[in-house]
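See below for the structure under consideration.
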Amino acid sequence: MSDAAPYKGKSPFTMLSVEECVATVAKQVLGPLGVEELALADALGRYLAEDVVSAAPIPAFPASIMDGFAVRSSDGLGTFPVDAEQFAGNDVGPLQPGHIRYITTGSAVPVGADAVVKVEDTLQRVKSSGEVEIDVLVSSKAGANIRQVGSDTAKDEVLLRRGCHLRASELGVLAALNRSCVSVFCLPRVALLSTGDELVELGQVPDESRGQIVDSNRPLLCAMVKELGAMVTDLGVVKDEVECVRATIADAFKFADVVITSGGVSRGNKDYIKEVLEELGELHFGEMCMKPGKPSTFATVKSAENQPRLFFGLPGNPVSCFVTFKLLAAPAILKLAGMGSLRSPVYPRVDAVLCQPVQMDPVRPEYHRARARWDSGRIVAESTGFQRSSRIASIAETNCLLEIPKASGTLAKGTVVKALLLGGLRPEAEGFPSAPQAQTALGSCKRRRVGLLLLDTAQSSKVTEVLRASLDGPELREERRPKEAEAVKKVVESWCQEKNGLDLVLVLGELGVGNKDAEVVDTLRNMVIAAENVADLILHEALKETPLAMLTCTVAGYRHSTLLATLPDAPGVGQICKLITSLP
Numbered sequence: 000m001s002d003a004a005p006y007k008g009k010s011p012f013t014m015l016s017v018e019e020c021v022a023t024v025a026k027q028v029l030g031p032l033g034v035e036e037l038a039l040a041d042a043l044g045r046y047l048a049e050d051v052v053s054a055a056p057i058p059a060f061p062a063s064i065m066d067g068f069a070v071r072s073s074d075g076l077g078t079f080p081v082d083a084e085q086f087a088g089n090d091v092g093p094l095q096p097g098h099i100r101y102i103t104t105g106s107a108v109p110v111g112a113d114a115v116v117k118v119e120d121t122l123q124r125v126k127s128s129g130e131v132e133i134d135v136l137v138s139s140k141a142g143a144n145i146r147q148v149g150s151d152t153a154k155d156e157v158l159l160r161r162g163c164h165l166r167a168s169e170l171g172v173l174a175a176l177n178r179s180c181v182s183v184f185c186l187p188r189v190a191l192l193s194t195g196d197e198l199v200e201l202g203q204v205p206d207e208s209r210g211q212i213v214d215s216n217r218p219l220l221c222a223m224v225k226e227l228g229a230m231v232t233d234l235g236v237v238k239d240e241v242e243c244v245r246a247t248i249a250d251a252f253k254f255a256d257v258v259i260t261s262g263g264v265s266r267g268n269k270d271y272i273k274e275v276l277e278e279l280g281e282l283h284f285g286e287m288c289m290k291p292g293k294p295s296t297f298a299t300v301k302s303a304e305n306q307p308r309l310f311f312g313l314p315g316n317p318v319s320c321f322v323t324f325k326l327l328a329a330p331a332i333l334k335l336a337g338m339g340s341l342r343s344p345v346y347p348r349v350d351a352v353l354c355q356p357v358q359m360d361p362v363r364p365e366y367h368r369a370r371a372r373w374d375s376g377r378i379v380a381e382s383t384g385f386q387r388s389s390r391i392a393s394i395a396e397t398n399c400l401l402e403i404p405k406a407s408g409t410l411a412k413g414t415v416v417k418a419l420l421l422g423g424l425r426p427e428a429e430g431f432p433s434a435p436q437a438q439t440a441l442g443s444c445k446r447r448r449v450g451l452l453l454l455d456t457a458q459s460s461k462v463t464e465v466l467r468a469s470l471d472g473p474e475l476r477e478e479r480r481p482k483e484a485e486a487v488k489k490v491v492e493s494w495c496q497e498k499n500g501l502d503l504v505l506v507l508g509e510l511g512v513g514n515k516d517a518e519v520v521d522t523l524r525n526m527v528i529a530a531e532n533v534a535d536l537i538l539h540e541a542l543k544e545t546p547l548a549m550l551t552c553t554v555a556g557y558r559h560s561t562l563l564a565t566l567p568d569a570p571g572v573g574q575i576c577k578l579i580t581s582l583p
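Take the sequence shown: its position 321, counting from 1, is numbered 320 in our numbering, and each next residue is one higher.
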């Protein structure tokens with residue numbers, strides 16, 4: 000009789016904490032992969048491999064901000080003949096002395112004119128001869144209603160940074176710079192396979208008498224990898240034979256940057272993944288102290304390139320597979336794809352209030368699947384129900400993982416726990432945005448506290464007027480600061496405290512893509528939990544004024560219970576402010 004034990008016993012691997020496992024993986028991701036040049040239309044979702052610099056000022060010519068009449072400011076008030084009509088894209092020469100010229104939004108201001116008077120500040124007269132004259136009712140200072148050369152973007156200004164995620168808005172910026180091609184990081188190549196004699200392909204009928212089940216993990220993993228933008232190769236189901244497992248994984252490493260398997264990592268007699276990885280490369284850990292996902296495995300295999308090939312052996316239970324992919328594999332794939340700094344977090348870690356009691360585990364901390372939403376200015380999390388690792392329904396509509404500590408007992412409803420946000424927050428039950436006539440959390444308060452932070456030379460009169468009318472006389476704090484990140488941060492911190500913070504903070508000023516602007520925008524974004532719908536609403540309204548609003552950066556989100564939003568210092572800011580004050 001052989002001396003070898005017929006069954007595997009206790010795991011030989013040291014069980015590492017989640018933090019240790021995440022750090023181990025991060026240490027092996029040395030940086031983004033190679034660089035390739037893509038047409039702009041093909042670059043959506045990729046990560047920028049270069050700093051994008053403006054080759055010319057924007058606008059390249061003095062442009063009218065609104066429909067009106069180009070004038071010489073020195074002519075003052077009076078009645079003037081119209082020498083021509085200036086539309087965008089045409090040139091009718093210099094402005095004639097003693098005349099004014101009709102001009103449309105975005106058109107080049109003619110030589111000789113130094114201001115634009117809006118249509119609303121004029122009256123039209125038609126003489127008996129049919130000649131039209133215009134009464135200018137408001138005097139203008141030089142530069143009024145004109146976007147000067149380079150006022151949006153200066154020549155050689157950095158607009159997009161290396162590592163920036165190219166969404167539709169960033170492609171709009173590149174198009175405004177007339178960039179038809181852009182350098183991006185290459186996509187990681189990810190190979191996926193499942194192991195298990197009990198698995199049948201999707202669409203086949205499992206033989207339940209033999210214990211067969213449909214392989215749901217591989218379609219799940221394929222979809223999650225595609226969501227990250229990586230290239231996927233599906234290697235199918237591999238039988239529980241060590242030679243098959245070894246050959247399939249070895250072949251996968253010949254072309255893939257990342258190999259992910261599902262199943263075969265526990266202590267069963269047909270679980271060969273760890274054994275094979277110890278032969279092919281370096282196995283960094285084989286057990287993780289968390290629930291679900293204890294047998295998760297990570298290894299690396301040397302390659303001809305500097306970056307080693309990465310291997311993630313995920314558990315076979317579908318929920319464990321989902322959670323460990325999110326915690327271990329997804330951040331690594333995004334870093335290989337070029338996402339920002341290697342030190343930047345993939346998931347925001349926030350405070351969330353439990354909607355119901357949650358049982359704790361005395362042995363391991365748990366990453367509890369939940370659905371997070373806004374509720375009265377805070378994040379609340381509703382459990383997805385029974386959390387057994389085989390119950391795949393518990394991941395449906397999950398947008399956060401609650402960090403439930405290792406302990407005996409139950410966390411009561413209303414307890415605040417840490418949560419990793421996997422996606423956007425769900426809207427409140429009433430929907431978002433609410434109907435204009437509906438009372439909102441802010442609008443229903445008898446006394447509102449609002450802070451208005453003015454950047455540089457931003458003018459507050461329109462916003463102040465709207466605030467006082469919309470909010471029925473709020474307590475209004477107003478401060479002016481230079482467009483400097485540290486100065487802005489101090490004011491926002493003082494106004495958005497966890498206790499006794501203001502209800503609403505508005506930052507008024509032009510935030511384009513200049514270096515100082517980018518520093519302010521990054522600072523604000525790092526201080527709030529993004530409310531993307533609010534930001535989209537602001538941009539939508541701003542685009543009604545000018546298509547170049549796409550070059551401005553909008554920040555909207557919550558810091559504790561305070562809603563913060565940036566507003567452009569533009570003619571339509573009053574309407575935007577009205578919409579913001581109608582939101583919860």
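Every residue gets a Cβ at the ideal spot worked out from N, C-alpha and C, and that includes glycine.
Check, Outcome
"In this structure, does DSSP put M287 in helix, strand or coil?", "strand"
"Given L234, which residues of its chain have a CB within under 7 Å of its CB, disregarding the five upstream and five downstream residues?", "A190, L191, L192, T247, A251"
"Rounded to whole angstroms, what is the Cα-Cα separation between S72 and L505?", "33 Å"
"Report yes if the CB atom of V264 is closer than 8 Å to the CB atom of L176, and no otherwise.", "no"
"Please report the straight-line C-alpha distance between N398 and L420, rounded to a whole angstrom.", "6 Å"
"Considering only the beta carbon of each residue, do G162 and L47 sit closer than 8 Å?", "yes"
"Based on Cα-Cα distance, which residue from L159, T23, D120 lies nearest to S53?", "L159"
"Quick one: complete alpha helix (DSSP H) runs, 4+ long, within the stretch 134-218?", "167-175"
"For A434, count neighbouring Cβ atoms within 10 angstroms of its own Cβ and tell me buried if that reaches 16, exposed if not.", "For A434, the predicted model reports a pLDDT of 31, less than 50, meaning its position is unreliable and no value from the coordinates is stated."
"Relative to the alpha-carbon of E657, which residue among R217, G450, C180, E497 has its alpha-carbon at the smallest distance?", "In this structure the chain extends from 0 to 583, so residue 657 is not present and cannot be described."
"If distances are taken between C-alpha atoms only, which option among Y366, A229, L227, D196 comes closest to R585?", "This structure gives no information on residue 585, because the portion of the chain shown stretches from 0 to 583."
"Tell whether a beta-carbon distance below 8 Å holds between L173 and A336.", "no"
"Quickly, what does DSSP pair W373 with across the bridge? List them, please.", "I378"
"Would you call D502 buried or exposed, if buried means 16 or more other Cβ atoms sit within 10 Å of its Cβ?", "buried"
"Along the chain, where does the beta strand (DSSP E) that runs through M526 open and close?", "Element bounds for M526: not the beta strand (DSSP E) but the alpha helix (DSSP H), 514-526."
"How many Å lie between A534 and E130 at the Cα?", "47 Å"
"Taking the alpha carbon of W373 as the reference point, which residue from A529, P58, M65, E18 has its own alpha carbon closest?", "A529"
"Taking Cβ to Cβ, would you say I133 is nearer than 8 Å to F68?", "yes"
"Can you give me the C-alpha to C-alpha distance between N216 and L15, rounded to a whole angstrom?", "24 Å"
"I'd like to know if the stretch 343-359 and the stretch 379-390 are in contact, where contact means that at least 3 CB-CB pairs between them fall below 8 Å.", "yes"
"Starting from S261, follow the beta strand (DSSP E) in both directions and report where the run begins and ends.", "257-261"
"Would you mind sorting T260 into buried or exposed? The rule is 16 or more other CB atoms within 10 Å of its CB.", "buried"
"Spell out a yes or no on whether the stretch 476-491 and the stretch 535-542 are touching, meaning 3 or more CB-CB pairs, one atom from each, closer than 8 Å.", "no"
"I want to see whether chain C comes within less than 8 Å of K417, judged by CB atoms only; does it?", "Absent from the structure is chain C; it holds one protein chain and no more."
"Please state whether DSSP places V264 in a helix, a strand or coil.", "coil"
"Figure out for me which residue from A298, L401, P58, E277 has the closest Cα to the Cα of A25.", "A298"
"Mind checking who T565 pairs with in its DSSP beta bridge?", "V506"
"Output the distance between the C-alpha atoms of V116 and D66, rounded to the nearest integer angstrom.", "8 Å"
"Starting from P80, trace the beta strand (DSSP E) in both directions and tell me its first and last residue.", "77-85"
"Please classify H367: does DSSP put it in a helix, a strand, or coil?", "strand"
"Please specify which runs of the beta strand (DSSP E), each continuous and at least 3 residues long, are wholly inside the stretch 37-115, giving them in chain order.", "67-70, 77-85, 99-102"
"Since K93 contacts V148 with CB under 8 Å, what's their CB separation in whole angstroms?", "Per the sequence shown, residue 93 should be read as Pro rather than Lys. With 8 Å as the limit, P93 and V148 do not qualify as a contact, their Cβ atoms being about 17 Å apart."
"Using the Cα positions of E619 and V300, report the straight-line distance between them to the nearest angstrom.", "Any question about residue 619 goes unanswered here, given that the chain covers just 0 to 583."
"Quick one: what does DSSP say F310 is sitting in, helix, strand or coil?", "strand"
"Suppose the cutoff is 7 Å on Cβ atoms and the five residues either side in sequence are ignored; what does the same chain contact list for G75 look like?", "S138"
"Cα separation between S295 and S493?", "44 Å"
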